[in-house]
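Be aware that the sequence shown starts at 1458, since it is given in the numbering used here, and climbs by one per residue.
First comes the structure, then the notes that go with it.
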Amino acid sequence: MPKQWRIPRDLSVENIIGQIKEGVSTRSYVSNFCRHTNFVSQVEPKSIEEALKDEKCVDAMHEELNQFTRNDVWFLVPKSYEMNIIGSKWVFRNKLDEAGVITRNKARLVAKGYNQEEGIDYGETFSPVARLEAARLLLAFACMSGFKLFQMDVKSAFLNGIINEEVYVEQPLGFEDHQHPKHVYKLKKALYGLKQAPRQWYERLSNFLLSNGYERVMINKKKFIKKANSEIILVQIYVDDIIFCATKDSLCEEFVAAMQGEFVMSMMGELSFFLGLQVKQSKDEIFLCQSKYCKEI
């Protein structure tokens, strides 16, 4: 319980700021709170005009466009009447940790895929999606076998998918090319919002894993397994989130090195938060915590 304020005789209660019963906020509490709030915006912009006035949101937009440059996503071409030009828009989201604290401001440039025409802008769109039950099965298997689970995150995953169709998008609002304001971008890689984007990303990732000796599990197209003598490594994919475990640490290190050599990845360490589930790993047990309840697998 916090200590209550001691009110001296010569001090008026009216001059006290805040609630007396809440006690004193120590410097450690203030520093822990400010550690997250000083470097992120606490508001999600609703429009590009509002975002351009926020320095943190502008930084997030620059980070997104830098990913476009690193992945060689597009290039400028003159606009013509024969092109089916797809619009684009900015979407802003604040990323939260398991405690609900804002840790990152994220800006995503999304194509208006509803303007695409089938047969011209896209062909096949089907992409397998992992079920939550599949992730639970992997957690249960890891717990039963005594494996340690790790997690990786792909930055701008869909930008890695190579598209075969000719797709043109407008220049992003607020970041138009001053020398060629009437030009449009021709895509080389998939963009978020395109109908074929999930399929192209899955094909790129699955082909890379298959070429490195992994086998696809037939009953779960998003799970891959690799065997090396008597050792195995299991990889579960959910869009851009990847969790994995192995019987030997060297297999995990080899997998991380291969993935980071091919894609822009961030190694998040031991699995602690996945698809709304808070995972607690001990030496012999794995616990899942969701909302207000916690249960052992």
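By construction, the Cβ of each residue, glycine as well, lies at the ideal position given by its N, Cα and C atoms.
For clarity, every value in this text was computed on a predicted model and none was experimentally measured.
For tyrosine 1625, the secondary structure class from DSSP, reduced to helix, strand or coil, is strand. Taking arginine 1656 as the centre and dropping the five residues before and after it, the same chain places the C-beta of Glu1581, Thr1582, Phe1583, Ser1584 and Gly1618 closer than 8 Å to its C-beta, in chain order. Bounds of the beta strand (DSSP E) holding methionine 1609 are 1607-1611. Here the C-alpha atom of valine 1534 lies approximately 21 Å from the C-alpha atom of glycine 1650.
Rounded to the nearest whole angstrom, the CA to CA distance from phenylalanine 1730 to glutamate 1507 is 31 Å.
The C-beta distance from valine 1548 to arginine 1565 rounds to 5 Å, short enough to fall under 8 Å. When rounded, the separation of the alpha-carbon atoms in lysine 1563 and serine 1498 is 10 Å. Out of Lys1639, Ile1676, Ile1694 and Phe1712, the CA that lies nearest to the CA of tyrosine 1538 is found in Lys1639. Each residue's CA atom was taken as its position, placing glutamate 1622 and glutamine 1738 some 45 Å apart.
In the three-state reduction of the DSSP assignment, serine 1545 falls in the strand class, which pools E and B. Its chain contains Leu1644, Lys1646, Ala1647, Gln1653 and Gln1657 as the residues whose beta carbon lies nearer than 7 Å to that of isoleucine 1620, once the 5 sequence neighbours on both sides are disregarded; these appear in chain order.
For a cut-off of 8 Å, the C-beta gap from isoleucine 1542 to valine 1641 is around 6 Å, short enough to register as a contact. The continuous alpha helix (DSSP H) containing lysine 1513 extends over residues 1512-1527. Taking a contact to require three or more Cβ pairs closer than 8 Å, the region 1699-1707 and the region 1589-1604 qualify as touching.
Between aspartate 1610 and aspartate 1516 the beta-carbon gap is near 19 Å, outside 8 Å, which marks them as no contact. Check the Cα spacing between serine 1613 and each of Glu1501, Phe1525 and Met1675: the tightest is with Phe1525. Val1530 is the residue among Glu1590, Ala1599 and Val1530 whose C-alpha sits nearest the C-alpha of alanine 1568. Our two residues, leucine 1509 and proline 1629, have alpha carbons roughly 13 Å apart in a direct line. Under the 10 Å beta carbon count, glycine 1570 is surrounded by 16 or more other beta carbons and is classified as buried. Take the alpha-carbon of valine 1736 and the one of leucine 1728: they are about 7 Å apart. Within the DSSP bridge table, the entry for valine 1530 names no partner. Ile1700 is the residue among Ile1682, Leu1667, Ile1559 and Ile1700 whose C-alpha sits nearest the C-alpha of leucine 1589. When the five nearest sequence neighbours on each side are left out, the beta carbons in the same chain lying within less than 8 Å of the beta carbon of glutamate 1574 are those of Asn1541, in order along the chain.
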